[in-house]
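Below: one structure, written as structure tokens.
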Amino acid sequence: MNAPMAASDPADVVVVGAGIVGVACALQLARQNLRVVVVDRQAPGQGASFGNAGHLATEQVFPIADASILKRLPAMLTDPMGPLRLDWKYLPRALPWFTRLLLNLRPAPFQRTVAGLRTLNEGSLAAWQRLLASIGQPELFRHDGSLLMFEHSASRPAVEALQARLRQQQVPVEYWATSQVRDAAPHLSEHLQGGLFFPATGHFIDPLGVVDALVKAARGCGVQFMQREVSGGHLHAGGVSLATGQGPLAAQRVLIACGAHSAPLTQALTGKRVPLDTERGYHLMLPHEHARLPFAVTSLERRFIMTPMAAGLRLAGTVEFAGLERPPNMARAWQLHRLSQGLFNQALSVEGATPWMGFRPSLPDSLPVIDRLENGRVLLAFGHQHLGLTQAALTAEWVAALLQPSVTDRPALKPYRLDRF
Numbered sequence: 045m046n047a048p049m050a051a052s053d054p055a056d057v058v059v060v061g062a063g064i065v066g067v068a069c070a071l072q073l074a075r076q077n078l079r080v081v082v083v084d085r086q087a088p089g090q091g092a093s094f095g096n097a098g099h100l101a102t103e104q105v106f107p108i109a110d111a112s113i114l115k116r117l118p119a120m121l122t123d124p125m126g127p128l129r130l131d132w133k134y135l136p137r138a139l140p141w142f143t144r145l146l147l148n149l150r151p152a153p154f155q156r157t158v159a160g161l162r163t164l165n166e167g168s169l170a171a172w173q174r175l176l177a178s179i180g181q182p183e184l185f186r187h188d189g190s191l192l193m194f195e196h197s198a199s200r201p202a203v204e205a206l207q208a209r210l211r212q213q214q215v216p217v218e219y220w221a222t223s224q225v226r227d228a229a230p231h232l233s234e235h236l237q238g239g240l241f242f243p244a245t246g247h248f249i250d251p252l253g254v255v256d257a258l259v260k261a262a263r264g265c266g267v268q269f270m271q272r273e274v275s276g277g278h279l280h281a282g283g284v285s286l287a288t289g290q291g292p293l294a295a296q297r298v299l300i301a302c303g304a305h306s307a308p309l310t311q312a313l314t315g316k317r318v319p320l321d322t323e324r325g326y327h328l329m330l331p332h333e334h335a336r337l338p339f340a341v342t343s344l345e346r347r348f349i350m351t352p353m354a355a356g357l358r359l360a361g362t363v364e365f366a367g368l369e370r371p372p373n374m375a376r377a378w379q380l381h382r383l384s385q386g387l388f389n390q391a392l393s394v395e396g397a398t399p400w401m402g403f404r405p406s407l408p409d410s411l412p413v414i415d416r417l418e419n420g421r422v423l424l425a426f427g428h429q430h431l432g433l434t435q436a437a438l439t440a441e442w443v444a445a446l447l448q449p450s451v452t453d454r455p456a457l458k459p460y461r462l463d464r465f
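Here is the structure:
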């Protein structure tokens, strides 16, 4: 455990952001005998890390959008309940970001994205197993696979094509016939046609509980947590000074890991504008559904996921682009229950159900920024879109390695550098 810091002592690293990425990074940095402070306007894990789907999505090596997004644009603007929603009032602000997104769907940049996602995802399962074992709580994760199921025979060619593409990327995948789906998940409807099973995935039984466990381990290594809002900052010869409502915070380095809120501070400290937007994600938690599914199940046609957790069954998914300011449209969360209808032998209970909305930080090439700038005074770890939970443990290992001067020269880190924009 590191020696406690005096109030006047500058930290070695201030981590801005107490979500799953920031907390995992703080723990790894503290294990290098660094004095670490984590600061966030909310309590740890209360942002997107609270409400994610809980799925370790190592199979998702393709960007969430593809070339068909142009055909879907009218529906995105007009259907408030659609799986991919763009608030028409937000369109003027979103247009530059969407233009970059479309440019990144061209063959060469698309392949760079797939390679970058694959590199991160291939190492994520083992990284999480190492991290949870190191804090003595491997039971928080269940390595039991996940299923992408389909309902209509007309979907079979698309499923088979996806299986072939995934195998080209060396993603472990098995085709399951109807009987295999029924044997593994007997509460699902007998009308389902089959699916793709991903054995190298799994789910977390309590996403917030994972953050809490890492916070406890980090405190044990001397990490301090402060609930403050960082409003700006500047660099100086000795490091960095961050402005908060309770006074400045001084450190030799800062790690910006505050998800969808990372762009302003990055620009203030580096002068670089980041094309960061947010996918607003929703979930509906069903507290009386504990035995319906053995593992996470995604519907191909309905485009949402159902994950069994200690607190019940979490229905999650859909993407909404409406920025950080507009209030949540909780009807989208309740729509998830309607999407579940017909997928089970008996309808899911919504008694005591709770809706939620959070911000997923998204960059137009679907890759995060993991980088070191300004002679090592500024570290970056944000923009993981809907894969923040999946990639957090490996990101934390990479961020800790960034303190080694030669690491930024390694080709493996090039896809994640800020200067790609």
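Each step along the sequence shown adds one to the number in the numbering used here, with nothing skipped, and position 27 is 71.
Glycine included, every Cβ here is placed at the ideal spot set by N, Cα and C.
Considering only residues of the same chain and omitting the five flanking positions on each side of residue i, which have a CB-CB separation below 7 angstroms?
i, result
"M49", "In this prediction, M49 scores a pLDDT of 49, lower than 50, which makes its location untrustworthy; the coordinate-derived value is nonetheless stated afterwards. Excluding positions up to five away in sequence, the list reads A55, R79 and Q268."
"I249", "L184, R186, M353 and A354"
"D463", "none"
"T398", "M329"
Can you give the Cα-Cα distance for residue i and residue j, rounded to whole angstroms?
i, j, result
"A307", "W220", "43 angstroms"
"P136", "D188", "43 angstroms"
"S223", "H235", "11 angstroms"
"P331", "G283", "47 angstroms"
"A177", "L117", "45 angstroms"
"K458", "H231", "45 angstroms"
"F194", "A101", "18 angstroms"
"R359", "L447", "Going by the sequence as given, residue 359 is Leu instead of Arg. Taking the straight line joining both Cα atoms gives about 39 angstroms."
"Q86", "R272", "8 angstroms"
"T362", "M120", "11 angstroms"
"H280", "H430", "35 angstroms"
"H112", "F365", "This sequence places Ser at residue 112; His is not what is there. Spanning the two alpha carbons is a distance of roughly 17 angstroms."
"R156", "T245", "23 angstroms"
"R461", "L71", "22 angstroms"
"L337", "F348", "15 angstroms"
"V59", "A138", "28 angstroms"
"L344", "A159", "23 angstroms"
"R376", "L368", "16 angstroms"
"A261", "I179", "6 angstroms"
"Q181", "E333", "24 angstroms"
"A391", "G126", "21 angstroms"
"A152", "D53", "48 angstroms"
With which residues is residue i paired in a DSSP beta bridge?
i, result
"L457", "Partner(s): none; L457 has no beta bridge."
"D84", "Q271"
"Y326", "G361 and M401"
"R416", "L423"
"H27", "In this structure the chain extends from 45 to 465, so residue 27 is not present and cannot be described."
"D321", "S406"
"M193", "G239 and S343"
"Y219", "L240"
"A287", "G276"
"P352", "L357"
"L176", "BP columns for L176 are empty, so no partner."
"L135", "In the DSSP output, where bridge partners are listed per residue, L135 has none listed."
On the criterion of 16 or more Cβ atoms from any shown chain inside 10 Å, does residue i qualify as buried, or is it exposed?
i, result
"A425", "buried"
"R200", "exposed"
"A440", "buried"
"L114", "exposed"
"S168", "buried"
"A295", "buried"
"P140", "exposed"
"M374", "exposed"
"H196", "exposed"
"G63", "buried"
"T122", "exposed"
"A68", "buried"
"N165", "buried"
Starting from the C-beta of residue i, find all residues in its chain whose C-beta is less than 6 angstroms away, skip the five residues before and the five after it, and write them out in chain order.
i, result
"L191", "G239, F241 and V341"
"G7", "Shown here, the chain extends from 45 to 465; a query on residue 7 therefore has no answer."
"M270", "V83"
"P408", "W141, R144, L145, N148 and P319"
Excluding the five sequence neighbours on either side, which residues of its own chain have a C-beta within less than 8 angstroms of the C-beta of residue i, listed in chain order?
i, result
"Q207", "V217, Y219 and L240"
Check whether chain C comes within 8 angstroms of residue i, counting only Cβ atoms and requiring the distance to be less than that.
i, result
"E333", "This model lacks chain C altogether; it includes just one protein chain."
Check whether the stretch 211 to 218 touches the stretch 246 to 266, counting contact only when three or more Cβ pairs, one atom from each stretch, lie closer than 8 angstroms. no
With contact counted as at least three CB pairs below 8 angstroms, one residue from each stretch, are the stretch 315 to 335 and the stretch 89 to 99 in contact? yes
Are the stretch 166 to 184 and the stretch 428 to 442 touching by the rule of at least three beta carbon pairs closer than 8 angstroms? yes
Pair every Cβ in the stretch 308 to 315 with every Cβ in the stretch 382 to 396, then say whether three or more of these pairs are closer than 8 angstroms. no
Between the stretch 415 to 424 and the stretch 290 to 305, do three or more beta carbon pairs fall short of 8 angstroms? yes
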